[in-house]
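Residue numbers (the numbering used here): 1302 to 1535. By construction, the Cβ of each residue, glycine as well, lies at the ideal position given by its N, Cα and C atoms. Remember, predicted model here, so these are calculated numbers, not experimental data. One structure is given here, and the rest of the page talks about it.
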Amino acid sequence: MKNEMVCKNCQTLNPFHELTCRNCKSYLRERVYNLDLWKLLEQLIESPKNGFTKIIYSEQKNFIVFIILIASFKFYLNTIFFFLTNPLTNLSSANIIRNYLILLLSVVVIISLFSLLIKITNQISGLVTRVKDIFSILSYSLIPNIFALAIFFPLELIFFGEYLFSNNPSPFIIKETVAYIMLVLELLLVVWTFFLAIMASYTLTKNVFCAIVMGILFGLLMFGSQFVLSFYLY
């Protein structure tokens, strides 16, 4: 099923993102100039499809840079936690700025390459999409990681202090129950990220199978890259 809009005036099929009909120039939908972050966050929670539709329609894809910068810092913290899963390792020192910039670059590269991949895949199947729309909705699918950084990370610092970044002793030894609760909450937000990536792909293509494959693959690449980088950054 192709994600297209039919012009009510001339019955011409138009790409989902178009504002006016390519044939008769009639308006196909309401014009969206920019995004209201708080309203958009509410939509992504209550109705992700409507939220991602708004992002695709918006002429200004604002807050993308902010989301990528903040999410990348959460991913930087993830690499530390991945590194500390090995009981034989010890986080003696870390170049915070360098490692953060590497994570930031990896996030931008993954989103960019994945956007091109989806663009080419859609083009082969006859679906017209724009790279900027794909890049934007994939970036917004990382929103749960900002919630994790803003809410869970401060709580983890309060509960575990300096031992949050230690495996000698591990936070699971200091406060086992709390540590497992925080781990489950973090994993739930990872699942939410996968879900949003799937919904973003579905909003763009209206193809359930393609959306599931693309969403899961995007999530695996994003979090898998953090796991791999954790072996080289410390």
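For Lys1375, same chain residues with a beta-carbon under 8 Å away, outside a window of 5 residues either side, are Asn1446, Ile1447, Ala1449, Leu1450 and Phe1454 in chain order. According to DSSP, residue pairing for Ser1359 in a beta bridge involves Val1333. Spanning the alpha carbons of Thr1478 and Thr1380 requires a straight line of approximately 23 Å. The DSSP-derived three-state label of Glu1463 is helix. About 16 Å separates the beta carbons of Lys1350 and Leu1336, which is beyond the 8 Å limit, so they are not a contact pair. The stretch 1517-1528 makes no contact with the stretch 1317-1324, as fewer than three CB pairs between them are under 8 Å. About 5 Å separates the Cβ atoms of Leu1404 and Tyr1377, confirming a contact at the 8 Å cut-off. For Pro1316, the enclosing beta strand (DSSP E) starts and ends at Leu1314 to Pro1316.
Contact between Arg1323 and Asn1315 holds: CB atoms are separated by about 6 Å, below the 8 Å threshold. Taking one beta carbon from each stretch, the stretch 1477-1495 and the stretch 1420-1433 have fewer than 3 pairs nearer than 8 Å; the two do not touch. About 4 Å separates the beta carbon of Ser1437 from that of Lys1362, a gap short enough to meet the 8 Å contact definition.
Every alpha helix (DSSP H) of 4 residues or more that sits fully in the stretch 1397-1431 is shown, in chain order, as 1397-1425. The alpha helix (DSSP H) runs lying completely inside the stretch 1438-1498 and spanning 4 residues or more are 1444-1448, 1454-1461 and 1472-1475, given in chain order. As DSSP reads the structure, Thr1321 sits in a beta bridge with Tyr1328. Apart from sequence neighbours up to five positions away, the residues of its chain that approach Pro1388 with a beta-carbon distance below 6 Å are Asn1468, ordered along the chain.
Non-local C-beta neighbours of Thr1313 in its own chain, meaning closer than 8 Å and more than five positions away in sequence, comprise Val1307, Cys1322, Arg1323, Asn1324 and Cys1325, ordered along the chain. Cα atoms of Phe1367 and Ser1359: separation of roughly 17 Å, rounded to the nearest angstrom.
In the DSSP annotation of this structure, the continuous segment of the alpha helix (DSSP H) that includes Tyr1377 starts and ends at Ile1365 to Phe1384.
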